[in-house]
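Numbering (our numbering), first residue to last: 6 to 234.
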């Protein structure tokens, strides 16, 4: 991330994904997988409201992002071309908008985020639009007491992610076996320094109401590394 001004910051994200799909075909279990860098996302965030007091701050910041088709969307294995959900990239230009409200004190913090993502079309396929509501709370685990200077921090947290995905479209026709609504609970851990942040979380689905035979998630493990300039 880079702070253009006190209120405006820009970010670039390049994900690396390892995706696996297990299905039963003719009584035999078949696993297909693919790993690689995905599509790069570029985001701008503006702090529209800020209220500061001794020991805590509250902010509201809208954001807008665009995702470029930098990842491979034509990967294949011994069975042929992989389905879109296993491809590292989408092949399409996508955009996302939303807002996040954040509260941070010396010991803990919380966030509420709403976001909407509209996906473009590539090779006759358009992934369903995504609407989401994210709630999170974080607690400082270390150091137990704050001293002088700006030390590193270790936070533990818990998120709730409510995600609704519209049906995919293939050649302009809705796929009845795609989309739906999923609620995840996500325990997280985050190590924060002045210049960089290392974080990880595991999304555990507690409710999946999907359309038709849409694929279900077992879990999603995410890790991240951020540099601040």
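The C-beta atom is built at its ideal place from N, Cα and C for all residues, glycine as well.
Provide the residue(s) that pair with residue i in DSSP beta bridges, ordered along the chain.
i: residue 81; result: 86
i: residue 9; result: DSSP lists no partner for residue 9.
i: residue 24; result: 39
i: residue 188; result: 167, 212
i: residue 116; result: 107, 141
i: residue 46; result: 18, 72
i: residue 92; result: DSSP output for residue 92 lists no bridge partner at all.
i: residue 203; result: 196, 230
Along the chain, where does the beta strand (DSSP E) that runs through residue i open and close?
i: residue 164; result: 158-170
i: residue 104; result: 99-110
i: residue 143; result: 135-147
i: residue 66; result: 61-73
i: residue 57; result: 54-58
i: residue 220; result: From DSSP, residue 220 is part of no beta strand (DSSP E); its letter is neither H nor E.
i: residue 227; result: 225-232
Among the options, which one has its Cα closest to the Cα of residue i?
i: residue 219; options: 53, 89, 159; result: 89
i: residue 25; options: 192, 160, 225; result: 225
i: residue 107; options: 151, 56, 173; result: 56
i: residue 20; options: 147, 94, 62, 68; result: 94
i: residue 82; options: 152, 207, 140, 92; result: 92
i: residue 16; options: 69, 30, 38; result: 69
i: residue 61; options: 201, 75, 11, 113; result: 113
i: residue 44; options: 22, 133, 110, 121; result: 22
i: residue 176; options: 103, 121, 124, 128; result: 128
i: residue 214; options: 9, 167, 77, 33; result: 167
i: residue 163; options: 74, 116, 38; result: 116
i: residue 185; options: 210, 206, 161, 194; result: 210
i: residue 146; options: 165, 14, 159, 27; result: 159
i: residue 48; options: 203, 169, 18; result: 18
In whole angstroms, what is the alpha-carbon distance linking residue i and residue j?
i: residue 66; j: residue 119; result: 11 Å
i: residue 189; j: residue 221; result: 12 Å
i: residue 100; j: residue 50; result: 14 Å
i: residue 29; j: residue 208; result: 24 Å
i: residue 110; j: residue 85; result: 52 Å
i: residue 77; j: residue 39; result: 10 Å
i: residue 58; j: residue 144; result: 19 Å
i: residue 75; j: residue 124; result: 14 Å
i: residue 233; j: residue 11; result: 14 Å
Cβ atoms of residue j and residue i: under 8 Å apart, would you say?
i: residue 183; j: residue 172; result: yes
i: residue 216; j: residue 181; result: yes
i: residue 72; j: residue 46; result: yes
i: residue 197; j: residue 161; result: no
i: residue 134; j: residue 122; result: yes
i: residue 174; j: residue 137; result: no
From the beta carbon of residue i, is the nearest beta carbon of chain C less than 8 Å away?
i: residue 186; result: In the structure shown, chain C does not exist; there is a single protein chain.
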